[in-house]
Amino acid sequence: SQQGEEDPQALSIQEGENATMNCSYKTSINNLQWYRQNSGRGLVHLILIRSNEREKHSGRLRVTLDTSKKSSSLLITASRAADTASYFCATDPNTGNQFYFGTGTSLTVIP
Amino acid sequence: DGGITQSPKYLFRKEGQNVTLSCEQNLNHDAMYWYRQDPGQGLRLIYYSQIVNDFQKGDIAEGYSVSREKKESFPLTVTSAQKNPTAFYLCASSPTSGGPTGELFFGEGSRLTVL
Numbered sequence: 002s003q004q005g006e007e008d009p010q011a012l013s014i015q016e017g018e019n020a021t022m023n024c025s026y027k028t029s030i031n032n033l034q035w036y037r038q039n040s041g042r043g044l045v046h047l048i049l050i051r052s053n054e055r056e057k058h059s060g061r062l063r064v065t066l067d068t069s070k071k072s073s074s075l076l077i078t079a080s081r082a083a084d085t086a087s088y089f090c091a092t093d094p095n096t097g098n099q100f101y102f103g104t105g106t107s108l109t110v111i112p
Numbered sequence: 299d300g301g302i303t304q305s306p307k308y309l310f311r312k313e314g315q316n317v318t319l320s321c322e323q324n325l326n327h328d329a330m331y332w333y334r335q336d337p338g339q340g341l342r343l344i345y346y347s348q349i350v351n352d353f354q355k356g357d358i359a360e361g362y363s364v365s366r367e368k369k370e371s372f373p374l375t376v377t378s379a380q381k382n383p384t385a386f387y388l389c390a391s392s393p394t395s396g397g398p399t400g401e402l403f404f405g406e407g408s409r410l411t412v413l
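The listed protein sequences derive, respectively, from chains A and B.
So the first sequence is numbered by our numbering: it starts at 2 and just counts up by one.
So the second sequence is numbered by our numbering: it starts at 299 and just counts up by one.
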């Protein structure tokens, strides 16, 4: 399977703390994206990082990409209760026409 | 508002029945996708379409069928041949038809339960 894997599977933190989740994948990619999913809802795009980029910021989000290790991390700073959701990474390999999603990290932010 | 609409949100099916899930988008996107999500798992691709009247199988196409007669519509039929159809189904679209270089826009999902 070309599906990526997120680590940890579940994460519980206090409001105001930072949350870090990691994604590993198996093949060379064009870009990597992070999505958020609230329980029972569709996914919402958070951020995209291209294979020639190493770091990207968007508001309280910081994404890094290490293509040599085939891994990415998503950092959410100053977390809020509303950040409680599942977070997925998605990659599009150099070959093929589809995205591959990881297994997700379930984040719980305790008020 | 522009977006993707999936219906129904909840659907119950008896074993042996075919059901069709609707997906409509008004974003003028070329590409559309159907994913299946099982509890605690990531999304797995069922079918995708990059242009009207054309579609390709994803990783788990067996027991499913699709059509793409209009740019804005990409219905998914779950047939009786699908052995374990109970799942959360997500439809998505993307503005690029030459390959996934941009973000996916998702609908709110349809939850299918087989009784």
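Beta carbons: idealized from backbone N, C-alpha and C, even for Gly.
Closer than 8 angstroms to chain A by CB, residue i
i                : result
Phe353 (chain B) : no
Gln339 (chain B) : yes
Phe372 (chain B) : no
Lys310 (chain B) : Looking at the sequence provided, one finds Phe at residue 310 (chain B) rather than Lys. No, Phe310 (chain B) does not count as interfacial toward chain A.
Leu343 (chain B) : yes
Glu322 (chain B) : no
Glu360 (chain B) : no
Glu406 (chain B) : yes
Glu367 (chain B) : no
Gly300 (chain B) : no
Gly314 (chain B) : no
Leu402 (chain B) : yes
Tyr346 (chain B) : yes
Leu410 (chain B) : no
Leu388 (chain B) : yes
Exposed unless 16 or more other CB atoms sit within 10 angstroms - verdict on residue i
i                : result
Leu413 (chain B) : exposed
Gln315 (chain B) : exposed
Gln15 (chain A)  : exposed
Asn324 (chain B) : exposed
Glu7 (chain A)   : buried
Thr106 (chain A) : buried
Arg51 (chain A)  : exposed
Arg334 (chain B) : buried
Gly5 (chain A)   : buried
Residue i at chain B interface by Cβ criterion, 8 angstroms
i               : result
His58 (chain A) : no
Leu49 (chain A) : yes
Residue j beta carbon less than 8 angstroms from that of residue i
i                : j                : result
Leu343 (chain B) : Tyr331 (chain B) : yes
Thr92 (chain A)  : Leu33 (chain A)  : yes
Tyr387 (chain B) : Leu402 (chain B) : no
Thr109 (chain A) : Thr78 (chain A)  : no
Ser80 (chain A)  : Ala20 (chain A)  : yes
Leu49 (chain A)  : Leu62 (chain A)  : no
Leu306 (chain B) : Ser391 (chain B) : According to the sequence displayed, residue 306 (chain B) carries Pro and not Leu. Against a cut-off of 8 angstroms, the Cβ pair of Ser391 (chain B) and Pro306 (chain B) comes out as no contact.
Val364 (chain B) : Tyr345 (chain B) : yes
Asn23 (chain A)  : Ser74 (chain A)  : yes
Glu322 (chain B) : Glu367 (chain B) : no
Phe89 (chain A)  : Tyr36 (chain A)  : yes
Heavy atom of the ligand ZN within 7 angstroms of residue i beta-carbon
i               : result
Leu62 (chain A) : Among the ligands in the structure shown, none appear at all, so the ligand ZN cannot be discussed.
key: Inside the stretch 333–393 of chain B only - alpha helix (DSSP H) runs reaching at least 4 residues   = none
request  = Select from the stretch 85–112 of chain A all residues with a C-beta closer than 7 angstroms to any C-beta belonging to chain B, and list them in chain order.
outcome  = Phe89, Asp93, Asn98, Gln99, Phe100, Phe102, Gly103, Thr104 and Gly105
ask   = Between the stretch 20–43 of chain A and chain B, which residues of the former have a C-beta closer than 9 angstroms to a C-beta of the latter?
value = Answer set for the stretch 20–43 of chain A: Asn31, Asn32, Gln34, Tyr36, Gln38, Gly41, Arg42 and Gly43.
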